[in-house]
Every structure is written in structure tokens, then in C-alpha cells.
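Chains as they are written, first to last, in the working numbering: chain S, 25 to 301; chain Z, 1095 to 1386. Note that beta-carbon positions come from the ideal geometry of N, C-alpha and C, so glycine has one too. Structure first, commentary second.
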């Protein structure tokens, strides 16, 4: 008796979880399939999920309606630059905070930590003015440089990992005559690869999806990132829902594919660090 | 060169790039935000020192009041519900087979661009043609509301989108917390004859409380920063019914070029976020249990 009751509650639980999963993925399915319909199908009652027939040309239409290809290239190289920049500068600072004794070390580290409390929305106006004075507004530098050179979160995350590496390792290398850079580059970096991978994923998703900074810093369409291009697309084609759905699909698909391939590392990396992508 | 001096030099060499970044793009802007909040400045001409006028202006400004009440209301709508649902799904998933598959679906909205999410939900929630209202009519025969153009419904609608997008993130944090609870507690309590319900209230929930605190703090901060969905889905409307604090900061600075007034609003947002964060950590002593 007991086993039957147990199975029944398990079954109920699975049904519930399937229902919730459906709510989580239904908007994506609706987006993808609506993007392949024509307008009459989209307003059809009763609605059907699948297009009949399929309007594959919608993809081509939205790709040509806006320079999405340019936006892709922009987003890709901006995000990759920031990831590379953060990996280098954050790991250097984290190594110093964890393994080198220098004056004001703890004070400076506390300063880094306290910056985690400051939302970017609070400093956006002065940042805008600074970037304007540098002549970087409406260039990709306005997005790449600040994020490459500063991430309190990245420094904090990597420092945690450097702290876990035994002292003996660097000290014996030091006795053998290795300098700090060699210790950092040859010994430490290979040991914190999992943390570097986690930081890469988080930094990549965060910058790829960022909307707030591009919408403020960029003004020329040629320089737009994917989310910014998509929001402009929405402004222009607000009544053509098929085009908006195929445009959204185009914008989302690459990240979703990467996510499906790397989901374990992405979820666990983000869970481990507790930061939003 | 003695090793101490060499360490000092290496230390500063290694932190130099991040230290420059910290100063130029975070600390100086933060201080500048406070300075700007005391100025009357449009970004072009001369700046004039006006003391706390921007702040007194903010409190009298109906736009600021609207943005503040909307933001607080939005936080109230999203935080408790979002956390409750995330905890519920995490507990449901904790001992279930195929956990990884469910987790994959739940987390999908988290990695998706907020702009794309906003556009898709604009369509789903469209009062006339949106699939949600079409289904309501088809299945229940009810005429669904104008989700995004009704003054009273627009913020709850945005809250639904926000909860949907964030649930997987909070759930994954809760799952990590649940996995960290030692099985010994459950085994020991089982020997003592505890029921499942008692185990949940007496073991799971208290031992999960550090995670809950962390999730709550992040959720509150996040809800105060709502911008993307309101910008894309409703442009703050109708009649400023979804106009939020960050939207207000954005509009003052980059539409009206009132850098001083915008910075005053930003400083107030910062103070409020700080206040709520400290409040939560302060009261956490009463309900957060750390396993030792």
C-alpha cells in the first residue's frame, strides 16, 4: 500500500513540475513558431502553435530589415574583449590580494568589496560624463574599457580561489628563484582554471545581455549591440508581430544554443557565485 | 632589493589595472554622483552649487513620487512571491529524478536577454490578440484584461514577467543551499519519529536561512533596479503607471539633461537600497541560523 501511495505522490509531483516547466518554455516556443507564421496565422482563432505553412522567409526579412549581422559582430567582440580583459585584470588583482603582502592590502580589498554595494544605475551619470570627456561616447570603448578594467565581483570570486591554494607552492617556487609574474602565470593561473571558466561565463552573459549601458552610451545604429538593435527593431515594427518574433528569435537563439550546450557549467558557475548574468 | 619592498612593488603592479578601473569607473563616479546632486547643471554650461535644492525638488516632484511608489510597489509584488515560488520549486526538485532536465528549463529565462523577454511577453500579454487572453476566452469564455494598458494591471503584469524571468536563478541558489544540508539531520530526526512536515519546518527551513537571506537581499536590490522591461514593454506608461526609479534617473539625465536632479534621484535610490540591505542583515540575526 505504502509504495503505491508514494508513487502516486511522485507522479503528482512530476505532473506539477512538467506544468511549471511548460510555463517556463512556452513563451520561447511561441516566439520561435510565431516568427515563422504570417500575420493571418498569428491572429487565427483558435490559435495553433505550429505555423501552417511555414514562412521561413521571415528570418530573411528580419535579418535584412535591420543590420542584425553587424549587431552580432559588435556584441561578440565587445563581450569577448570584456571577458579577456576581466580574466587578466581580475586574476592579477585577486592574486595580489590573496598571495602578496603589500601595504594597505586589506583596506584596498575592503574598498573593492564595498563597491559591490553600488548599483551601476547610481554611477551612470558621472560615468557618462567621464566617458564623454574621454571622447568614448558612441564608441565601443565606452562599453569595453570600464568593464574590462573593473569588476569587484570578479576580483572577489577569483581571490576566494587563490586563497585556497597552499602557500608552500608559491614559496618553494620563490626559493627556486621564480619571480612574482612567473608564480602567477605559470603556477597559479593553471590552478584556478575552473574559477576562470565561471567568471568567463558570467561576464559573457552579463555583457552580451546588457541593455542599460548600450542604450545610454551608443547612438549610431552601426555600433548597436544585439539587445539594443532588438529594442530599436521593436520601435519600428511594433505592429508586425511575425517580424518581431522572428527578430527576437534571431537575437536569442545563439545564446540559447550556447546555454543548451554548456548549461551545466553555466548554472553551476552562477549558483556557485550567486550573481545574475 | 629587499623582499618586503619587492612585494610592495609587485602588489601594486598586480592590482594596478583594477585599481585604475575602480577609481575611474566606480569610486570617482560614486563621489561625483554625490557632488553632482548638489549642482544645477545641464552638462554643457557652467554648473551652479545649489545645496540640497535638488533633493527638496525631488520630494516635491510628482514624477519622483510616482517613480518611488511604483518601485516600492513593484518590489512588494516581486520579492515575496518570487522567493516563495523559487523555494517551492527548489524543494520539489531537490529529491526528484530528472532534476537536471527540469533545472534546464527553469533556468532558460535567466540567460535570455531582457529585451527579447520583454518583447515576447508584450505579445503574450497583448490585451486584444495576445495568446493569454485568447486562451482565456477559448477555454473559460472570459474576456481577459488589458494587461499592459490598464493603469492598475501594468505593474502586476511586469511583476509576472520579472518573477518568470528570475525564478530559475533563485531556485538554483536554493537548490545549492538544500544540497548543502547534511543528511544526518534528517536521519537523526527520522529515528526520533519526526514527520516530513516537521522536518521541513524544523530542519530544512532553518538550515536554508542563510541562502534565503542572500536570495532576499539580491532580489530586493534587483527589484529596485527594474528598468529594461518597463522601458521596452510600456515605456513607463500608461500615464507613468510603470514609471520606475531607474527610469526616472535615466529620463532626467539623458532626455532632459538635468544631471544634478538625476544624480539627486540616484543618490536617493542608493540610500534606499543601502537602507533595505542593512535592515535585512540587521533583522537576519533573528531568523538566520548558521550550521556549525
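At a Cβ cut of 8 Å, what residues of the segment 107-141 of chain S count as close to chain Z, listed as they run along the chain? Taking 8 Å as the Cβ-Cβ cut-off against chain Z, the residues of the segment 107-141 of chain S that qualify are 112, 113, 114, 116, 117, 119, 120, 121, 124, 125, 126, 127, 129, 132, 135, 136, 139 and 141.
Quick one, are the C-beta atoms of residue 1137 of chain Z and residue 1204 of chain Z less than 8 Å apart? For the purposes of this step, residue 1137 of chain Z is taken as the residue at position 43 of the second chain. For the purposes of this step, residue 1204 of chain Z is taken as the residue at position 110 of the second chain. Cβ distance not < 8 Å, so residue 1137 of chain Z and residue 1204 of chain Z don't count as in contact.
Which residues in chain Z sit within 7 Å of residue 265 of chain S, going by Cβ to Cβ distance? Mapped onto the first chain, residue 265 of chain S falls at position 241. Residues of chain Z passing the Cβ test: 1217.
Nearest to residue 211 of chain S by CA position, among S/194, S/127 and S/250, is which residue? Taking the first chain and counting its residues from 1, one reaches residue 211 of chain S at position 187. Residue 211 of chain S has its Cα closest to that of S/194, out of S/194, S/127 and S/250.
C-beta neighbour in chain Z for residue 61 of chain S, strict 8 Å: As a working mapping, residue 61 of chain S is identified with position 37 in the first chain. It does not: the Cβ of residue 61 of chain S has no partner Cβ on chain Z nearer than 8 Å.
Contact set between the segment 267-297 of chain S and chain Z, restricted to residues whose Cβ is under 9 Å from the partner: 268, 269, 271, 272, 273, 275, 276, 279, 280, 282, 283, 284, 287, 288, 290, 291, 292, 294, 295 and 296
Of the choices S/276, S/270 and S/198, whose alpha-carbon is the least far from that of residue 232 of chain S? On the first chain, position 208 is the one that residue 232 of chain S refers to. Closest option to residue 232 of chain S, Cα to Cα, is S/276.
With 8 Å set as the bound, which would you pick, yes or no: does the beta-carbon of residue 217 of chain S sit closer than that to a beta-carbon of chain Z? Within the first chain, numbered from 1, the residue matching residue 217 of chain S stands at position 193. Closer than 8 Å: no.
Got a sec? Which residues, its chain only, sit under 8 Å from residue 1245 of chain Z by beta carbon, not counting five neighbours each side? As a position in the second chain, residue 1245 of chain Z is number 151, starting the count at 1. Contacts found: 1332, 1333 and 1335.
So, using beta-carbon positions, are residue 113 of chain S and residue 172 of chain S closer together than 8 Å? For the purposes of this step, residue 113 of chain S is identified with residue 89 of the first chain, where counting begins at 1. For the purposes of this step, residue 172 of chain S is identified with residue 148 of the first chain, where counting begins at 1. In contact: residue 113 of chain S and residue 172 of chain S (Cβ atoms closer than 8 Å).
Can you give me the Cβ contacts of residue 1317 of chain Z inside the same chain, cut-off strictly under 7 Å, excluding the 5 residues immediately before and after it? In the second chain, the residue the question calls residue 1317 of chain Z occupies position 223. So the qualifying residues of the chain are 1168, 1169, 1172 and 1173.
Three or more beta-carbon pairs under 8 Å between the segment 213-233 of chain S and the segment 106-126 of chain S, yes or no? yes
Just to confirm, are residue 1251 of chain Z and residue 1322 of chain Z a CB contact at a threshold of 8 Å? Within the second chain, residue 1251 of chain Z is the residue found at index 157, counting from 1. Within the second chain, residue 1322 of chain Z is the residue found at index 228, counting from 1. No, Cβ-Cβ distance for residue 1251 of chain Z and residue 1322 of chain Z is not below 8 Å.
Using a Cβ cut-off of 9 Å, which residues of the segment 28-58 of chain S contact any Cβ in chain Z, in chain order? Those residues of the segment 28-58 of chain S placed with their C-beta closer than 9 Å to a C-beta in chain Z are 34, 37, 38, 40, 41, 42, 44, 45, 46, 47, 48, 49, 50, 51, 52, 54, 55 and 58, ordered along the chain.
Is there at least one Cβ from chain Z nearer than 8 Å to residue 301 of chain S's Cβ? Stepping through the first chain from its first residue, residue 301 of chain S is reached at position 277. Reliability fails at residue 301 of chain S, whose pLDDT of 48 lies under 50, so the model's placement of it is uncertain and the value that follows must be treated cautiously. It does: the Cβ of residue 301 of chain S has a partner Cβ on chain Z nearer than 8 Å.
Return the Cβ separation of residue 1339 of chain Z and residue 1161 of chain Z in integer angstroms, given the expectation that the two are a contact with Cβ distance under 8 Å. Residue mapping note: residue 1339 of chain Z aligns to position 245 of the second chain, counting from 1. Residue mapping note: residue 1161 of chain Z aligns to position 67 of the second chain, counting from 1. Yes, residue 1339 of chain Z and residue 1161 of chain Z are in contact; Cβ-Cβ is about 5 Å, under 8 Å.
Please list the segments of the alpha helix (DSSP H) lying wholly inside the segment 1116-1164 of chain Z, counting only runs of 4 or more residues, in order along the chain. 1122-1130 and 1147-1154
With a threshold of 8 Å between beta carbons, is residue 1105 of chain Z in contact with chain S? Position 11 of the second chain holds residue 1105 of chain Z. At least one C-beta of chain S is nearer than 8 Å to the C-beta of residue 1105 of chain Z.
Residue 25 of chain S by DSSP, collapsed to three states: which one? As a position in the first chain, residue 25 of chain S is number 1, starting the count at 1. Legend: pLDDT at residue 25 of chain S = 47, less than 50; position of this residue unreliable, no value from coordinates given.
Proximal chain S residues relative to residue 1177 of chain Z, where beta-carbon distance stays under 8 Å: Locating residue 1177 of chain Z in the second chain gives position 83, counting from the first residue. The premise fails here: residue 1177 of chain Z is roughly 14 Å from chain S at the closest Cβ pair, so nothing lies under 8 Å.
Which residue marks the beginning of the alpha helix (DSSP H) containing residue 288 of chain S, and which one marks its end? One-based indexing of the first chain puts residue 288 of chain S at position 264. Note, residue 288 of chain S: alpha helix (DSSP H), 265-297.
Please report whether the beta-carbon of residue 1162 of chain Z lies at a distance below 8 Å from any beta-carbon of chain S. Translated into positions along the second chain, residue 1162 of chain Z becomes position 68. No, its Cβ sits nowhere closer than 8 Å to a Cβ of chain S.
Measuring alpha carbon to alpha carbon, tell me which of S/289, S/251 and S/161 ends up nearest residue 271 of chain S. For this step, residue 271 of chain S is matched to residue 247 along the first chain. Ranking the options by Cα distance to residue 271 of chain S, first place goes to S/251.
Can you list the residues of chain Z that residue 71 of chain S reaches, using a CB-CB cut of under 7 Å? Within the first chain, residue 71 of chain S is the residue found at index 47, counting from 1. Those within 7 Å of residue 71 of chain S in chain Z are 1225 and 1228.
Of the residues S/103, S/297 and S/186, which one's Cα is nearest the Cα of residue 238 of chain S? Here residue 238 of chain S is taken as the residue at index 214 of the first chain, counted from 1. If we check each option's Cα against that of residue 238 of chain S, S/103 comes out closest.
Determine the burial state of residue 1284 of chain Z: buried for a count of at least 16 other Cβ atoms within 10 Å of its Cβ, exposed for fewer. For the purposes of this step, residue 1284 of chain Z is identified with residue 190 of the second chain, where counting begins at 1. Its Cβ having fewer than 16 others within 10 Å, residue 1284 of chain Z is exposed.
CA-to-CA distance, residue 159 of chain S to residue 86 of chain S, given in whole angstroms: Residue 86 of chain S sits at position 62 when you count from the first residue of the first chain. Residue 159 of chain S sits at position 135 when you count from the first residue of the first chain. Take the alpha-carbon of residue 86 of chain S and the one of residue 159 of chain S: they are about 33 Å apart.
Where the alpha helix (DSSP H) through residue 119 of chain S begins and ends: One-based indexing of the first chain puts residue 119 of chain S at position 95. Counting along the chain, the alpha helix (DSSP H) containing residue 119 of chain S begins and ends at 92-123.
What is the DSSP secondary structure of residue 256 of chain S, reduced to helix, strand or coil? Position 232 of the first chain, counted from the start, is the residue given in the question as residue 256 of chain S. Note: residue 256 of chain S maps to helix in three-state DSSP.
Do you know offhand how far residue 1358 of chain Z's Cα is from residue 138 of chain S's? As a position in the second chain, residue 1358 of chain Z is number 264, starting the count at 1. As a position in the first chain, residue 138 of chain S is number 114, starting the count at 1. Spanning the two alpha carbons is a distance of roughly 21 Å.
Are the beta-carbon atoms of residue 1202 of chain Z and residue 207 of chain S separated by less than 8 Å? Taking the second chain and counting its residues from 1, one reaches residue 1202 of chain Z at position 108. Taking the first chain and counting its residues from 1, one reaches residue 207 of chain S at position 183. Contact: no.
Using a Cβ-Cβ cutoff of less than 8 Å, which residues in the same chain neighbour residue 289 of chain S once the five nearest sequence positions on both sides are dropped? Numbered from 1 along the first chain, position 265 holds the residue referred to as residue 289 of chain S. Once the five neighbours on either side are set aside, the close Cβ partners of residue 289 of chain S are 221, 222 and 225.
Would you mind giving the Cβ-Cβ distance between residue 295 of chain S and residue 1108 of chain Z, rounded to the nearest angstrom? I have them listed as a contact below 8 Å. In the first chain, counting from the first residue as 1, residue 295 of chain S sits at position 271. In the second chain, counting from the first residue as 1, residue 1108 of chain Z sits at position 14. With 8 Å as the limit, residue 295 of chain S and residue 1108 of chain Z do not qualify as a contact, their Cβ atoms being about 29 Å apart.
Restricting to Cα atoms, I'd like to know which of S/164, S/273, S/168 and S/150 is closest to residue 92 of chain S. Position 68 of the first chain, counted from the first residue, corresponds to residue 92 of chain S. By alpha-carbon distance to residue 92 of chain S, the top candidate from S/164, S/273, S/168 and S/150 is S/273.
Tell me whether the beta-carbon of residue 1355 of chain Z lies closer than 8 Å to the beta-carbon of residue 1164 of chain Z. Counted from its first residue, the second chain places residue 1355 of chain Z at position 261. Counted from its first residue, the second chain places residue 1164 of chain Z at position 70. Cβ atoms of residue 1355 of chain Z and residue 1164 of chain Z: not closer than 8 Å.
Would you mind reading off the limits of the alpha helix (DSSP H) that contains residue 1316 of chain Z? Working through the second chain from its first residue, we reach residue 1316 of chain Z at position 222. Start and end: 1299-1318.
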